[in-house]
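Residue numbers (my numbering): 1 to 217.
Reviewing the structure listed below.
Okay, here's the thing in structure tokens:
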């Protein structure tokens, strides 16, 4: 490319963002033009700043990287997306692909893999961190042999958004304002979550959100 790839970098840890930015800005064909501290801010920044590639952490407040990826894929279908994560997790990998990401990079080896992953994403080529391909293909073939497909989502995307915000301690009114829905609608979704997951209260929902990687413990 004659002009550098414009990157949006989203991670809720300032030191991580600083380190990743140093890696990317050290390359002549990459430049970080916007940063965000959570998924919702990432969506807002991508809509106001011209970017070619969004690099999103998985675990962020208000909106996870996977939720942000789904929203960005809907709103900006030409935007390339990479997931940057500490989780070496097959379920997250498949969820990232569903969300519209073209790559999945582990933070532990970001200094080795991230630059190439960025370049691959902009070329519309998938990037899987080295060592994962064999395990992922084996797992997928085992599912096909059993007659299974990819893992089904336990809850809807909207329910996941509300679950995350409930677990973070937001009130129904605050959640409604963040998601542009009424507090009554939030309460209905919350009741559906409790029933669907067989849970009784916010504490159990919070524990589920931690296990699901929606919030950090």
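Cβ coordinates follow ideal geometry from the N, Cα and C atoms, glycine included.
No experiment lies behind these values; they were computed from the predicted model shown.
Query raised in the report: Per the contact definition of three or more C-beta pairs closer than 8 Å, is the segment 85 to 104 in contact with the segment 2 to 9?
Result: No: the two stretches stay apart, fewer than three of their Cβ pairs being nearer than 8 Å.
Query raised in the report: Going by alpha carbons, who is nearest to residue 2 out of 28, 166 and 209?
Result: Checking every option, the nearest Cα to that of residue 2 belongs to 28.
Query raised in the report: Skipping 5 residues on each side, what residues in its chain have a beta carbon closer than 6 Å to that of residue 165?
Result: These residues qualify, in order along the chain: 175.
Report task. Classify residue 22 as buried or exposed, calling it buried when 16 or more other Cβ atoms lie within 10 Å of its own Cβ. Result -> It counts as exposed.
Query raised in the report: What span of residues does the beta strand (DSSP E) with residue 82 cover, start to end?
Result: 80 to 85 is the span of the beta strand (DSSP E), which, as asked, contains residue 82.
Query - Among 35, 92, 155 and 172, the one whose alpha carbon lies nearest that of residue 197 - result: For residue 197, the nearest C-alpha among the options comes from 155.
Query raised in the report: Are the CB atoms of residue 273 and residue 83 nearer to each other than 8 Å?
Result: There is simply no residue 273 to check, as the chain begins at 1 and stops at 217 in what is shown.
Query raised in the report: By DSSP, does residue 35 sit in helix, in strand, or in coil?
Result: Strand at residue 35.
**Report entry** residue 103, DSSP secondary structure in three states
**Finding:** Collapsing the DSSP output to three states places residue 103 in a strand.
Query raised in the report: Should residue 67 go down as buried or exposed, given a rule of 16 or more other Cβ atoms within 10 Å for buried?
Result: With 16 or more other Cβ atoms within 10 Å, it is buried.
Report task. Have a look at 19, 15 and 41 and flag the residue whose alpha-carbon is nearest the alpha-carbon of residue 178. Result -> Looking from the CA of residue 178, the closest CA among 19, 15 and 41 belongs to 41.
Query raised in the report: Would residue 216 pass as a contact of residue 59 if the rule is Cβ separation under 8 Å?
Result: For residue 216 and residue 59, yes; Cβs fall inside 8 Å.
Requested in this report: Name the one or two DSSP bridge partners that residue 57 has.
Outcome: Answer is 84.
Query raised in the report: Cβ of residue 61 within 8 Å of Cβ of residue 78?
Result: It is not a contact, given that the beta carbons lie outside the stated cut-off.
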